[in-house]
Each structure stands twice: as structure tokens, then as C-alpha cells.
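Engineer: If you scroll down you'll find the structure; I have some questions about it.
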Amino acid sequence: MELFKPSEKILEIICSDVDELSYSYEIYPKRTMNLNERDVRLFVPRLYSGIQEFYDLGLEIRVGGRLAYQKIWNVSGEALKNCYDHGPKNKEVLFGLFLGDKGVCYGFCDQGGYFKNEKIKNQYENKVEITEFNKRTLKDNHQSGVNENIFCYSDFIEVDSEKGILYCVQLKENIIAPEGEKGNSYFFKRDG
């Protein structure tokens, strides 16, 4: 899918050799609120499996129970939920996953104009607190997920404002606990 093309900087952050990069794409249709929520709940566990299999099988790094599931959920689940909640109601949500030996990158495109805005690009890339919220969706949402989840648990964020894509990077050492530690306890260790 030509839509997703992480920058050279992202590729350098997540992989030592671009030829070893693994990637996949998914398309999520917009549906009723209940089905959208179900899609998010099903999406993230599949994502865990994909990440774990890449490291276990592809790189022979035994992850086992060391994957920090909550950190992955906080970034990827929140971003996908935001695409459903705030994006155009008649457009599909597009997702790209890029796996490298040094980390993972998630790409999200709701096919709307939000990430085409240079002010938004600057806020996300510099993790500047979001304080202005869409009044249409205020009653249905908590309006804190970007600040508390995406910003806190992404090691690097980049916005392709030409294509309207949000890229969130998580480094391997921040989503896979060291030998002897469990991923769930590793969740609470963050730089913030």
C-alpha cells in the first residue's frame, strides 16, 4: 500500500537494515459504534500476537510474557479508537504496522483532514498538550487519550501532513521487558 511510507528517520529508529523490515496493512470499515468498539478490542490482541511472533520467530528473541501489553494498547488502541471517533464517518480507517529489530511503528490514517493541519503536526511531533477538543465528540469521549496515552507511551511521533498519517514508534526496549521481568510490571516503568 503506497499510502504508508515511514520516513528515513523512523526506519533508522526501528531497524538496523531496511531489507529486514516486516510490514503489514489493514483496512477497517466504519460501522456502528458497538462494532467499532469491538474492532478496537480485537485489533490490539492481534497486534500483540504479530509483534510477539516477529520477535520470537523472525528474530529468535524469546518474548514470552515479557511483552508490555498495556503500553502497546495505550498507543495503538487509543489511536485506532480516535480514528473511529473523530474521523470522517463514511471513510475506512487504514493501518500500517512496521516491525524492525529495534522497534515498531504504527501508522494510522482516518482519511480526514486532522493530520493535514501543520499546527496538529507540530503538537503531536513535539508532544504539546492537546487542549482544544472537537465539541461534536466531547460528550462521547474523555478527550485525554492523546495526552495520557499516545504522547506518554510513544518514543517518537511523526505526522505526514501531506497524506494525513500519524506514525507512532515504540522502541523494543520499551515494549519488551528485560529477561526475568514480566511485561505487565514493566508497564509502570515510563519516562513520561
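Residue numbering for the sequence shown follows our numbering, beginning at -9 and increasing consecutively.
All C-beta atoms, glycine included, are put in the ideal place defined by N, C-alpha and C.
For clarity, every value in this text was computed on a predicted model and none was experimentally measured.
1. From the DSSP output, read off the bridge partner residues of S14.
2. If we call anything under 9 Å between Cβ atoms a contact, is F146 one with I51?
3. Got a sec, what are the start and stop residues for the beta strand (DSSP E) F98 sits in?
4. Ordered along the chain, which non-local residues of its own chain (more than five positions away) have a Cβ less than 8 Å from that of T121?
5. What residues match up with V70 in a beta bridge as DSSP calls it?
6. Please state whether DSSP places E163 in a helix, a strand or coil.
7. Using the Cβ count rule (16 or more neighbours within 10 Å means buried), how would you classify L128?
8. For F105, which three-state DSSP category applies?
9. Which residue from S12, G97, G93 puts its Cα closest to that of C73?
10. Skipping 5 residues on each side, what residues in its chain have a beta carbon closer than 7 Å to that of E2?
11. Assuming F33 is part of the alpha helix (DSSP H), what are its boundary residues?
12. Is the stretch 85 to 104 in contact with the stretch 148 to 155, if contact means three or more CB pairs nearer than 8 Å?
Structural biologist: According to the data block:
1. L87
2. no
3. 93 to 99
4. none
5. One detail in the question is off: residue 70 reads as Leu in this sequence, not Val. DSSP lists no partner for L70.
6. helix
7. Unreliable positioning characterises L128 in this predicted model, as indicated by a pLDDT of 49, which lies under 50. The coordinate reading is nonetheless provided below. L128 should be labelled exposed.
8. helix
9. G97
10. none
11. 23 to 43
12. yes
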